[in-house]
Structures are given as structure tokens and as C-alpha cells.
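As C-alpha cells, the structure follows; a few thoughts come after it.
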């Protein structure tokens with residue numbers, strides 16, 4: 001095998017060699033066929049989908065003498081050769097991750113005023129453009145608005161929302177989508193043919209699933225497999241290299257979960273842990289299996305399943321899959337925050353089994369004849385009555401607070417302080433939260449403390465705004481009841497909570513997931529009464 005990595009070795013050099021992105025290729029072709037002088041472009045989309053490769057081909061297209069005639073770069077004319085051999089100074093590739101400063105952009109703008117030396121057009125390819133500072137974008141704005149006639153700007157990014165709207169509105173925007181499983185399989189077939197090896201069809205499908213739509217990730221995974229097994233690679237080889245569970249193991253675990261066999265499921269996880277397999281990949285696969293089972297259960301259409309065959313799902317359709325998927329979505333989002341991955345896997349198992357249905361037979365002696373019995377079906381854990389007494393919810397939040405949840409939420413809070421997506425009003429209040437108590441969190445509540453009563457009022461008002469609630473729910477991966485208190489009230493409720501038992505509070509308290517709009521008024525009534 002050549003020393004150069006596969007994704008560079010097999011990087012496309014022409015539009016026709018790019019797999020997928022048909023819409024993008026058509027738009028590029030039409031740009032030249034219709035003789036449009038468009039000079040600023042944003043290529044955005046998921047990592048590894050071909051943005052940089054397409055940008056380089058696009059740069060050749062602007063300078064290829066035969067492009068209009070052949071409908072693609074020729075790679076034979078003098079201009080194409082200069083670009084391919086990297087012998088021209090008219091093509092600039094800038095990594096904005098390392099050169100994001102104002103001085104770098106001022107130098108670029110100054111350089112763009114000079115005519116090209118070798119080519120028809122000077123091309124500036126700015127990768128990771130979302131890393132540019134606001135001041136850098138301000139420097140670029142004028143030249144993007146009125147660029148020299150011989151200059152083309154290509155901005156590449158995986159986070160278009162971080163690029164100022166004033167820039168976005170002045171550029172052509174090309175959205176690069178994830179590659180489909182079929183397209184990734186085609187890519188691997190091409191590479192395997194060039195490397196003189198064979199990859200089983202189910203092995204290709206498994207690698208394409210792991211790649212998540214990224215061509216670069218797909219070839220990186222394939223290269224890792226080729227280093228271990230150089231010739232005929234099977235699905236079992238792929239599972240061994242990447243510490244994956246087989247489909248048979250997945251289906252067995254699903255059966256254990258659905259049938260509530262806790263002890264056997266825990267033994268299964270223990271064996272999995274001893275084999276040093278990847279729990280994140282395993283539960284991600286499990287998520288896909290649950291989607292397949294839920295889809296078939298609702299549609300009865302086997303063609304819609306991605307991982308499973310109809311012959312494999314017999315006896316596995318009785319689970320509450322929608323609830324399972326909700327648990328999996330939340331737990332997978334918290335994987336990186338977990339210190340002990342094995343315990344994370346165990347806790348996720350318990351959360352899944354929490355939604356299994358339980359049957360109880362109850363004999364009624366007075367109201368019905370003795371021989372008559374009936375069954376009721378309920379979902380564990382049982383729901384308790386809904387009350388609107390916010391004070392009890394505050395006490396319950398104190399009593400059921402969790403150190404691990406508080407730490408996880410505090411880590412998210414710290415990241416949000418550095419985010420440019422957070423509402424300025426919320427950011428200002430976040431900065432004023434007492435660092436003594438941080439974010440006191442339970443499964444359902446987050447209690448924060450402010451030194452000023454005015455900040456308490458502002459935060460509780462803001463937390464009721466629909467857009468802010470949606471932002472908080474998304475950022476913290478769960479719908480929490482946010483409660484702001486001043487230091488005096490915090491200490492008062494803390495002492496009061498110590499006199500209560502969990503059982504006393506749990507009998508009365510359940511949280512309304514709809515978050516009634518009266519919640520702020522109730523909180524204010526309690527605070528004002530003290």
C-alpha cells in the first residue's frame with residue numbers, strides 16, 4: 001500500500017470523479033455555461049463531504065481553457081497543469097483555524113488588488129471560515145461586496161450559522177449533503193479495486209454506517225481495516241477491528257431489554273465491557289435497531305428498515321420503542337460527559353427498562369363477586385398526581401438534587417458562556433449566577449442563585465419566553481424547570497428541605513412537562529410572601 005493516506009490518494013481531480021453531490025456539480029457547470037460572473041461562494045455542510053476537493057476543482061474550472069468545451073476540467077492545458085503541480089501563486093488556500101486574525105485578512109485584501117501572474121483568475125480558498133473573527137469579516141466585507149474582476153472567493157465551513165449574515169447574503173451558497181450508503185459503498189469499491197483487495201458487501205454496508213455520510217471518515221475507517229486485513233475483508237473482521245457488536249448480539253440484548261431480564265442484560269454488558277468494546281458505537285447501533293423496530297411496528301413495511309430483516313424481528317415488536325428512543329437520544333448526548341463508560345451503559349439500561357410495561361392482577365372483594373377478577377396495565381414507574389404548588393417543587397428539587405447531574409449541567413453552562421449562539425440577555429444573567437452553588441440540579445429542576453433580587457425576577461421572566469425555553473431545553477438535552485432564587489430564599493428552602501423526607505415530597509410532586517405559563521406568577525407569589 002502506498003504511504004499516502006487513502007483519502008488523499010483517491011481524492012477526485014475532476015467533477016466527473018466526485019461521488020454524490022449531483023446538485024452541486026450541476027450548479028458549477030451552469031455557472032460557466034451561462035457565463036455568470038459570480039465571485040463569492042460559500043461551500044457548507046458536514047465534514048468530509050467534499051467541500052475542499054470541490055473547491056480545488058472549482059479553482060481549476062475557472063482557469064481551464066477547455067472547460068466550456070468539455071464540460072469538465074481537462075487536466076491537460078497549461079493552466080490545469082500549473083494548478084495540479086502547485087506551481088502557481090494565483091491559487092491561495094488559507095486555513096482560517098490558524099490564520100483568523102485581522103492582519104491576515106488585511107494582507108489578503110491587499111494581495112487581491114494585484115492582477116494574477118499565471119492564470120485567468122486568482123482564487124482564494126478560505127477553509128474553516130467560521131473561525132474568522134468579526135473584525136476579520138469586517139475587513140473582508142468591502143472586497144466581497146466589490147471584488148476585483150479577476151478574483152474569486154471560496155469560503156468553506158461546517159458551521160454556516162457562525163458566518164455573519166452580511167457575508168452570507170452576498171455569496172452563492174452551496175450545501176454539501178452527507179453521502180448515502182450506496183454512494184459510500186461505490187467509493188469503497190473504487191478504492192478496493194485500486195488497492196487490489198476485496199471487501200464483502202455487508203462489510204461495506206457496516207463501514208458506510210460507521211462513516212455517517214462522510215467520505216473522508218469512510219476511507220479512514222477502510223484504511224484502518226486494510227492495515228489489519230490486507231486481502232479479503234469480512235463483516236466479522238470489521239467488527240473485530242472497531243470493537244463492534246454483531247447484529248446477533250444486538251438482537252439478543254434487545255430481547256433482554258424488552259423482556260425485563262435485568263440480571264442477564266447486566267451480565268451481557270459486563271462481557272461487553274471485558275471485551276473492551278465501544279459502548280457509544282454499541283448504543284448508537286441499538287438506537288438504529290429501535291428505529292427499525294418502531295418503523296416496522298407502525299408501517300408494517302420491511303423495506304423501510306435499515307439494519308434488520310423481516311426474519312430477525314419475530315418476537316421483538318412488543319417494546320415501547322418511542323420511549324426507548326427518547327432515552328437513547330438523551331443518554332447518547334451525555335456520553336462524553338460521563339467519566340465511567342461502563343456505569344453509563346448500566347444506567348442507560350436501567351432507564352430503558354424503566355419504560356417496560358408491567359401487569360398486575362388485582363382481586364376486588366367487595367364491589368364484585370368473589371370469583372371475578374380483572375387486570376389493569378400500567379407503565380412503570382407509576383405517575384403521581386399533578387399539583388401546581390411550586391414551593392413543593394422547589395423543596396423536591398433540593399431534596400432530589402444530584403451531584404453528577406449538577407456537574408454535567410455546570411459543564412454545559414460553562415461552554416455556553418463561550419458560545420456566540422446564546423441570547424445576550426440570557427448570557428448576561430448566566431454570568432451573574434452565584435458560583436458558590438453553581439447549578440443545583442435534579443432530574444427535573446435546575447436551581448440557580450443570584451445576589452440581586454432584580455436579577456432573580458429578570459431570569460424567571462426570561463426563562464418563560466418560548467425561544468429561551470427552547471434554547472435551554474436543547475442546550476441541556478432535557479426539559480428542566482429552571483428556578484432562580486436570591487441567597488436568602490435559597491438558604492431558607494435548603495434548611496426546610498432538610499426537615500422533609502423524599503417520600504413526603506414525592507407523594508405530592510410531579511412536574512408538568514408542558515410548563516404552564518403561570519409558573520412565573522406562582523414563583524413570584526412565593527418569593528413576595530417571604
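In full-length UniProt numbering, the protein residues as written are 1 to 530. Using N, Cα and C, we set each Cβ at its ideal position, and we do this for glycine too.
1) Can you name, in chain order, every residue of its own chain whose Cβ lies under 8 Å from the Cβ of residue 125, other than the five neighbours on each side?
2) Given this structure, state the Cα-to-Cα distance separating residue 381 from residue 351, to the nearest angstrom.
3) DSSP state of residue 405, grouped into three classes?
4) Identify whether residue 89 lies in helix, strand or coil by the three-state DSSP scheme.
5) Check for me: the beta strand (DSSP E) holding residue 41 runs from which residue to which?
6) Report the option in 103, 341 and 224 whose CA atom is closest to the CA atom of residue 274.
7) Can you grab the Cα-Cα spacing for the pair residue 458 / residue 439, in whole Å?
8) Any idea if residue 217 is buried or exposed, counting beta-carbon neighbours within 10 angstroms, 16 or more meaning buried?
9) Who are the near neighbours of residue 312 in its chain, counting only those whose CB is closer than 7 Å to its CB and skipping five residues on each side?
10) Among the candidates 231, 178 and 182, whose CA atom is the shortest distance from the CA of residue 194?
11) State the beta-bridge partners of residue 445 as determined by DSSP.
12) In angstroms, rounded to a whole number, what distance separates the CA positions of residue 32 and residue 68?
13) Within the same chain, show all residues whose beta-carbon is closer than 6 Å to that of residue 158, passing over the 5 residues directly before and after it, in chain order.
14) Flag this pair as yes or no: are the beta carbons of residue 130 and residue 99 separated by less than 8 Å?
15) Starting from the Cα of residue 257, find the closest Cα among 200, 182, 346 and 223 and give me that residue.
16) Would you identify the three-state DSSP class for residue 16, choosing helix, strand or coil?
17) For the beta strand (DSSP E) holding residue 532, just list the boundary residues, first then last.
18) Taking the beta strand (DSSP E) that residue 173 falls in, what are its first and last residues?
19) Return the first residue and the last residue of the beta strand (DSSP E) that residue 73 is part of.
20) Just to confirm, is the Cβ distance from residue 296 to residue 328 under 8 Å?
21) Which one of 181, 116 and 117 has the shortest CA to CA distance from residue 201?
22) Smallest Cα separation from residue 455: which of 475, 434 and 445?
23) Note down, in chain order, each residue of its chain lying with its Cβ closer than 8 Å to the Cβ of residue 173, except the 5 sequence neighbours on either side.
24) Go ahead and pull the three-state DSSP assignment for residue 347.
25) Taking the beta strand (DSSP E) that residue 153 falls in, what are its first and last residues?
26) With 16 other CB atoms within 10 Å as the buried threshold, where does residue 20 fall?
27) Would you call residue 16 buried or exposed, if buried means 16 or more other Cβ atoms sit within 10 Å of its Cβ?
28) Go to residue 258, then tell me how far its alpha helix (DSSP H) extends in each direction, as first and last residue.
29) For residue 463, count neighbouring C-beta atoms within 10 Å of its own C-beta (all shown protein chains included) and say buried if the count is 16 or more, exposed if not.
30) Assign residue 418 to one of three DSSP states: helix, strand, or coil.
31) I'd like the span of the alpha helix (DSSP H) that includes residue 496, first residue to last.
32) Does the distance from the CB of residue 394 to the CB of residue 493 come in under 8 Å?
33) Quick one: Cα of residue 294 to Cα of residue 322, how far?
34) Within the same chain, show all residues whose beta-carbon is closer than 8 Å to that of residue 317, passing over the 5 residues directly before and after it, in chain order.
35) On the three-state DSSP scale, how would you describe residue 532?
36) For the alpha helix (DSSP H) containing residue 234, name the first residue and the last one.
A quick look at the data gives this:
1) 52, 55, 56, 59, 91, 92, 93, 94, 154 and 156
2) Confidence is the limiting factor: at residue 381 the pLDDT is only 38, short of 50, which leaves the residue's position unreliable, though a coordinate-based value still follows. Straight-line Cα distance between these residues: approximately 11 Å.
3) helix
4) coil
5) 40-45
6) 341
7) 17 Å
8) buried
9) 251
10) 231
11) 481
12) 7 Å
13) 47
14) no
15) 346
16) helix
17) The requested residue 532 is not part of the displayed model; the chain covers only 1 to 530.
18) 172-176
19) Unbroken run through residue 73: none, as it is neither H nor E.
20) no
21) 181
22) 434
23) 41, 42, 44 and 160
24) helix
25) 151-157
26) buried
27) exposed
28) 247-258
29) buried
30) coil
31) 487-498
32) yes
33) 7 Å
34) 293, 296 and 297
35) Nothing about residue 532 can be read from this structure; the chain reaches only from 1 to 530.
36) Where residue 234 is concerned, there is no enclosing alpha helix (DSSP H), given that its DSSP letter is neither H nor E.
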